[in-house]
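Before any comments, here is the structure.
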Amino acid sequence: MWNVGIIGSGRVGGTVARLAIAGGCSVVVSNSRGPETLTELVADLGPRARAATPAEAAEAGDLVVISVPVRAYREVPVEPLKGRTVLDTINYDPRLHGHIPELDAASITTSEMVQQHLHASHVVKVFNNIFFQTLRALARPRGAADRTALPIAGDAPDVKAEAARFVDAIGFDTVDGGPLAEGWRWQPGTPAHSVYAGETIQVANPGNAEKVRNALAAATR
Ligand SMILES: NC(=O)c1ccc[n+]([C@@H]2O[C@H](COP(=O)([O-])OP(=O)(O)OC[C@H]3O[C@@H](n4cnc5c(N)ncnc54)[C@H](OP(=O)(O)O)[C@@H]3O)[C@@H](O)[C@H]2O)c1
-2 MWNVGIIGSG
8 RVGGTVARLA
18 IAGGCSVVVS
28 NSRGPETLTE
38 LVADLGPRAR
48 AATPAEAAEA
58 GDLVVISVPV
68 RAYREVPVEP
78 LKGRTVLDTI
88 NYDPRLHGHI
98 PELDAASITT
108 SEMVQQHLHA
118 SHVVKVFNNI
128 FFQTLRALAR
138 PRGAADRTAL
148 PIAGDAPDVK
158 AEAARFVDAI
168 GFDTVDGGPL
178 AEGWRWQPGT
188 PAHSVYAGET
198 IQVANPGNAE
208 KVRNALAAAT
218 R
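Take -2 as the starting number for the sequence shown in this note's numbering and just add one per residue.
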């Protein structure tokens, strides 16, 4: 089991923290306002959780989830994440976040942008295409017939495989979406994003592996 650092412990980060605790991991949660603002979350998560600064969460984590708004990605600390596997949940939607010219031009994906910032870390893109409440609701034990698959991207196969083992431990299958450059295939507006984007889960098994593969293949820029 992993020690999981969480940088950005809001809707998605908080949900991954809950699932990680349920899967037997320890977590260190952090946000921009300081550990004292995370007392309630930590009490909810129980004895295997504590709050710290982003740098401390980075240092404590075998795996570190970054789940901050895209505008804050450059504030994620570089040095403490050196050599670490970083799970990047960040999405870019200019209607919500303002424009980032490189992303508008599609010359780079969000996770490649994060990888450039965290140049000494190994970034893996996952959890980007699922609404946080859906993520919580659809976690299932390994082998469950209605288990959901999530696309995952990364440039280092061994790192991506470790991240996939973590995703499996907290309740989801994965579909290999290739390197970070392919992460646009499940960015907002694509079929693989909209499968899970709604607040209401429309169907019992919205994203088995085959459906996810088909949705990734159907994506257009
Ligand atoms: N909402 C979803 O269902 C969903 C689904 C998939 C992906 N995403 C993506 O996942 C990311 C997080 O979304 P969310 O909905 O969970 O956002 P959220 O609820 O607003 O949480 C954001 C978290 O990031 C923290 N944060 C902001 N700036 C920070 C900084 N400089 N350093 C450390 N922590 C910082 C916030 O802390 P403070 O409150 O202390 O500022 C908060 O804990 C976004 O990029 C979003 O696009 C969201």
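All C-beta atoms in this analysis are idealised placements derived from N, C-alpha and C, irrespective of residue type, glycine included.
Here's the rule I'm using: 16 or more other beta-carbon atoms within 10 Å means buried, otherwise exposed. How should residue i be labelled?
i      : result
PRO148 : buried
ARG139 : exposed
LYS122 : buried
GLU109 : buried
GLN113 : exposed
ARG71  : exposed
LYS157 : buried
SER191 : exposed
ASN125 : buried
HIS119 : buried
ARG162 : exposed
ASP85  : buried
THR34  : exposed
ASP155 : exposed
THR131 : buried
ALA102 : exposed
GLY43  : exposed
ARG30  : exposed
Spatial neighbours of residue i within its chain, please: C-beta separation below 7 angstroms, excluding the five flanking residues on both sides.
i      : result
ALA17  : VAL1, VAL24, ILE167
LEU177 : THR106, SER108, GLU109, GLN112, VAL120, LYS122, ALA150, GLY151, ASP152
GLY175 : ALA150
ARG210 : VAL172
GLY58  : ASN0, VAL1, GLY2, VAL25, ARG81
ASP90  : PRO185
THR217 : none
GLU179 : ALA150
SER6   : ALA14, VAL26, SER27, ASN28, LEU35, LEU38
Just to confirm my understanding: we take residue i, look at its own chain, exclude 5 residues before and 5 after, and list those with CB closer than 6 angstroms. What are they?
i      : result
CYS22  : MET(-2), TRP(-1), VAL1
PRO51  : ILE4, SER27, PRO74
ARG8   : PHE129
VAL200 : No answer about VAL200 holds up, because its pLDDT of 47 lies below 50 and its placement is not dependable.
ALA215 : PRO188
GLU88  : The question names Glu, but residue 88 is Asn in the sequence shown. Cβ neighbours of ASN88 beyond the five flanking positions: ASN125, PRO185.
Any idea which residues DSSP pairs residue i with across the strands?
i      : result
SER27  : ILE4
GLY151 : VAL121
VAL62  : ILE3, LEU84
ALA46  : VAL24
Excluding five sequence neighbours on each side, which residues of the same chain lie with their C-beta closer than 8 angstroms to the C-beta of residue i?
i      : result
LEU78  : ALA55, VAL61, LEU115, ALA117, SER118
ARG68  : HIS94, GLY95
ALA49  : VAL25, VAL26, SER27, PRO32, ALA57
PHE169 : LEU135, ALA136, ARG137, ARG144, THR145, ALA146, LEU147
GLU99  : ILE105, MET110
ASP165 : ARG139, THR171
- Item | Complete runs of the beta strand (DSSP E) confined to the region 124 to 184 [at least 3 residues] | 146 to 151, 170 to 173
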